Amino acid sequence: MKALTPKGIEDILFKKGILTQEQLSRVKLEAINTEKPIDTILLDNNLVSEEQIVQTQSEIIGVPYADLTNAIITAETLNYIPEPIARRYTLIPFKLDGKDLSVAMADPLDSQVIQFIEQKTNCKIKPFMSTSSIINKTITEQYSHNMSSDVNAALSEAGGSVSNTKNSDDKEKIHADQIIREAPVAKIVATILEYGIKSRASDVHIEPLEENTRIRYRIDGILQEKLVLPRKVHDAVVSRVKILSDMKIDERRIPQDGRFNFKIGDEEVDLRVSTLPTVHGEKIVMRLLKKTGGVPTLSELGLRGSTLKNLETQALRPHGIILVTGPTGSGKTTSLYSLLTKINSPRINIVTLEDPVEYQMIGINQVQVNPQAGLTFASGLRSFLRQDPNVIMVGEIRDSETANLAIQAALTGHLVFSTIHTNSAAGALPRLLDMGGEPFLIASCVNAIMAQRVVRKICQSCKTELTPPPEIVEDMKLILDTLYDAAVQRGINSEESKEKKKTSNGLVLYKGKGCKDCNETGYNGRIGIYEVLTISEKIGKLILEHQPASVIDKQSRDEGMLSMKQDGYLKAIEGLTTLEEVLRVAQD
Numbered sequence: 004m005k006a007l008t009p010k011g012i013e014d015i016l017f018k019k020g021i022l023t024q025e026q027l028s029r030v031k032l033e034a035i036n037t038e039k040p041i042d043t044i045l046l047d048n049n050l051v052s053e054e055q056i057v058q059t060q061s062e063i064i065g066v067p068y069a070d071l072t073n074a075i076i077t078a079e080t081l082n083y084i085p086e087p088i089a090r091r092y093t094l095i096p097f098k099l100d101g102k103d104l105s106v107a108m109a110d111p112l113d114s115q116v117i118q119f120i121e122q123k124t125n126c127k128i129k130p131f132m133s134t135s136s137i138i139n140k141t142i143t144e145q146y147s148h149n150m151s152s153d154v155n156a157a158l159s160e161a162g163g164s165v166s167n168t169k170n171s172d173d174k175e176k177i178h179a180d181q182i183i184r185e186a187p188v189a190k191i192v193a194t195i196l197e198y199g200i201k202s203r204a205s206d207v208h209i210e211p212l213e214e215n216t217r218i219r220y221r222i223d224g225i226l227q228e229k230l231v232l233p234r235k236v237h238d239a240v241v242s243r244v245k246i247l248s249d250m251k252i253d254e255r256r257i258p259q260d261g262r263f264n265f266k267i268g269d270e271e272v273d274l275r276v277s278t279l280p281t282v283h284g285e286k287i288v289m290r291l292l293k294k295t296g297g298v299p300t301l302s303e304l305g306l307r308g309s310t311l312k313n314l315e316t317q318a319l320r321p322h323g324i325i326l327v328t329g330p331t332g333s334g335k336t337t338s339l340y341s342l343l344t345k346i347n348s349p350r351i352n353i354v355t356l357e358d359p360v361e362y363q364m365i366g367i368n369q370v371q372v373n374p375q376a377g378l379t380f381a382s383g384l385r386s387f388l389r390q391d392p393n394v395i396m397v398g399e400i401r402d403s404e405t406a407n408l409a410i411q412a413a414l415t416g417h418l419v420f421s422t423i424h425t426n427s428a429a430g431a432l433p434r435l436l437d438m439g440g441e442p443f444l445i446a447s448c449v450n451a452i453m454a455q456r457v458v459r460k461i462c463q464s465c466k467t468e469l470t471p472p473p474e475i476v477e478d479m480k481l482i483l484d485t486l487y488d489a490a491v492q493r494g495i496n497s498e499e500s501k502e503k504k505k506t507s508n509g510l511v512l513y514k515g516k517g518c519k520d521c522n523e524t525g526y527n528g529r530i531g532i533y534e535v536l537t538i539s540e541k542i543g544k545l546i547l548e549h550q551p552a553s554v555i556d557k558q559s560r561d562e563g564m565l566s567m568k569q570d571g572y573l574k575a576i577e578g579l580t581t582l583e584e585v586l587r588v589a590q591d
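Per our numbering, the very first residue in the sequence shown carries number 4; after that it's consecutive.
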C-alpha cells in the first residue's frame, strides 16, 4: 500500500502544539539529510503517535478520521465485507446507513479498492481514515465476535438439506453423508475452530441437548457458551469432525479418539478429538494444542525465586524422581515439557511415554501409549530401561506396577519425571505408599515434588487498582506471615504511581474492569502458582514413619517451602492475578 506523506504535516502538528519549535527544526533537517518521509521520522523518534499522524493526514486530504476505539459494529455491517478482503486491503466497514456503507481505510485515496468494494457490496462507499494497527486490531476483535453470523449464513445455505423428522438409523446416516460433503457444514466447523484459536481456547465442546446443540469453549480455564446450533445439523457437524479425525462415521455406540491439524493464517494447531455417546447424541470435545510458539520456559509459566531454584537444582541431578501433581487441566504436562526442554542436550538420551503425545520436541524420543497393542505405562517403562536412557518421562503414575518401576529406574541411576493426581505436594508421598512403594525407597529416590494450579491473569488493558477491606488485609498477613511486608513494599516499588502508599497499610490489589481485549471478562491469559517440596533428611524420616500429608506439609513449610496459596497471594499483590482466582483454585 502506498504510504500517505502529505506535505506540511509537521507544520500542522507544530501549530497544534504537538511539536515544539526545536523538534520541528530537527525533523525538517533530518528529512533533508536522509530523504526519509516526514511521518517515518516522526515515528522513529517517538515524537508523535501513529494515530496523531493519521488524524493530521486526514485533515490535509479532506477525508474524515474514524475513531474505532469503542466502535460497536453490527454483524449485518460486517457481512458486507468478508474478513479476508478486509485484511488484504486493511479496511473495515463500521456503519451502514441505507445503501451508504462507511468504511475505515488505511489508504482512503485508493480509488481502485473503493470501486472494487462498491461493486462487491452494491453500496455507496463513504471512505474514512484510520491507522493500520487500529484497523487490524478491530478486524480481529469484530470478526471473531461475529462467529454466530457466519454460522447462521452457513445454516441458511444448509437449511433444506436436513430433515427434521426422526428416521431410521440408515436414513439418518444417508442425510448426514449428503450434508457432510456440502460446503456449509464444513464452513460451520471451520468457523467454530477459527473462533477457538482466536480466543485462545484450550478445548471446544460440541454438546447435543434435547432441542439444540451447544458450543462451549474453555478460555483461560473457564467454560463459556458462545453458540447454539439447531439440533438438525448436529449429526452433520459430528460427521465432519469424524472425517477430519479419521474416525468411523457409522460407529455411534462407543467412544472414539482421533486427531487432525488445522491451520489459520500463521497459526497451526493440533486437535485431539474425543467422541462420547450421550442420550441426545454424540458429544465431541476437541483439545487445541498450538504447534507454533514452542514450549514455554519455567519463568514464563510463573516459577521464580526459591521455588524455581529448588526445582532447577533437583532437575539437574543425574538420578531420582521428580513428580508434578495437580488436578486435570492444571498444566502438569506443560511443566514437564518445560523441564525436559531445559535439560535437553545431545549428551543425554531422553525418552518419554505419554498418553497422548501433546507437543513434539526436537531431540527427544517420544512414545505414544497404546493399550490395545499392549503398550501401557508399565510395559513401556520396562522396555525403556533397555534403551540406555538418561532421563525418562512417564506421563502418569496411576498404579502400583508403574510406581515400583519408576522407583527402580531412579535407584538404578536414571532421572524420572512423572505426574500423579494429588491435591498438594506433600500428598504425593502417602499416595506412593498406598501404591505399594517401600518407605525407605521412596525417601531415598524422590528428589522433589511440585504441586501446581493455573489462575487467570488480569487483563493489562483494563487493569485497575482495588483497595482491599481490612479483613482481607488481615487474612493476607496471616497467610503470608513474614513475607507480607516485603511483598507489599515490592509491589509499591514496582509501580510508577506512589498513590497506593496512602491506602490501607500500603496494600493495593487489582482487578480487570472488562474490555474488548479480554472479551469483557477482566482476564487475559493464565499463569501458574506453585509449591516445590524437596525431600530433606527430616522429611525422609517422616516418610519412614508413615506420617500423613499434613505433618509432611508442615515440616516442609518450616523448612522454607512457599505454599501454593502464598505464591498466589504474592502474585495478587504484584497485580498478576486476583485474590478471587487464587482462592478459586487453592482454597484449603
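For each residue, glycine too, the CB sits at the ideal point set by N, CA and C. Keep in mind the model is a prediction, meaning the values are calculated, not measured.
Should R255 and S333 be called a contact, given that it needs their Cβ atoms to be closer than 7 Å? Result no, Cβ atoms of R255 and S333 do not sit closer than 7 Å.
Ignoring anything shorter than 3 residues, give me the beta strand (DSSP E) runs that lie fully in the segment 104 to 144, in order along the chain. 127 to 132
For I75, count neighbouring C-beta atoms within 10 Å of its own C-beta (all shown protein chains included) and say buried if the count is 16 or more, exposed if not. exposed
Less than 7 Å between the beta carbons of G515 and I461, yes or no? A Cβ-Cβ contact shorter than 7 Å links G515 with I461.
Extract the residue ranges of the beta strand (DSSP E) inside the segment 269 to 316, only unbroken runs of 3 or more that lie entirely within it. 270 to 281, 284 to 293
Q455 in three-state terms, based on DSSP: strand
Tell me whether the beta-carbon of L536 lies closer than 7 Å to the beta-carbon of A428. yes
Nearest by alpha-carbon distance to G416: which of D358, L356, N393 is it? Of the candidates D358, L356, N393, the one whose C-alpha sits nearest the C-alpha of G416 is N393.
From Q60, S202, K127, L104, residue whose alpha carbon lies closest to that of S133: Q60
Is it the case that the Cβ atoms of A454 and T331 are separated by a distance below 7 Å? no
Here's the rule I'm using: 16 or more other beta-carbon atoms within 10 Å means buried, otherwise exposed. How should G65 be labelled? Flag for G65 reads exposed.
Please report the distance separating the alpha-carbon of T216 from that of I195. 13 Å
Using only the alpha-carbon positions, how far apart do G20 and S135 sit? 25 Å
In the structure shown, what three-state DSSP assignment does M567 receive? helix
Between the C-alpha atoms of K129 and I142, what's the straight-line distance to the nearest angstrom? 18 Å
Who are the Cβ neighbours of R219 in its own chain at under 8 Å, not counting the five residues just before and after it? V207, H208, E210, L226, Q227, E228, K229
Alpha-carbon to alpha-carbon, Y340 and M364: 8 Å
What is the residue span of the beta strand (DSSP E) that T355 lies within? 353 to 357
Let me know the secondary structure DSSP gives A34 once reduced to three states. helix
For H237, count the other beta carbons within 10 Å of its own beta carbon; 16 or more makes it buried, fewer makes it exposed. Which is it? buried
Between G439 and chain D, is any beta-carbon pair separated by less than 7 Å? No chain D appears in this structure, which consists of one protein chain only.
Minimum C-alpha distance to T93 - residue among F131, L388, L32, G377: F131
How long is the line joining the alpha carbons of K251 and P359, rounded to whole angstroms? 20 Å
Within 8 Å, do at least three Cβ pairs link the segment 529 to 545 to the segment 466 to 485? no
For the segment 426 to 444 against the segment 551 to 563, are there 3 or more C-beta pairs whose distance is under 8 Å? Yes: the two stretches touch, three or more of their Cβ pairs being nearer than 8 Å.
Return the first residue and the last residue of the beta strand (DSSP E) that S464 is part of. Careful: S464 lies outside any beta strand (DSSP E) and carries neither H nor E.
contact_flag[the segment 564 to 582, the segment 541 to 552] where n(CB pairs < 8 Å) is 3 or more: No, the segment 564 to 582 is not in contact with the segment 541 to 552.
Please work out which residues of its chain come closer than 7 Å, Cβ to Cβ, to R221, disregarding the five sequence neighbours upstream and downstream, and give them in chain order. A204, S205, D206
Express the C-alpha separation of E285 and A179 in angstroms, rounding to a whole number. For A179, the predicted model reports a pLDDT of 40, less than 50, meaning its position is unreliable; a value from the coordinates is still stated below. C-alpha separation (whole angstroms): 13 Å.
Taking Cβ to Cβ, would you say L247 is nearer than 7 Å to F263? yes
Can you tell which of R401, A89, D42 has the C-alpha that lies nearest to the C-alpha of V116? A89
State the Cα-Cα distance for the pair N527 and Q463, rounded to the nearest angstrom. 8 Å
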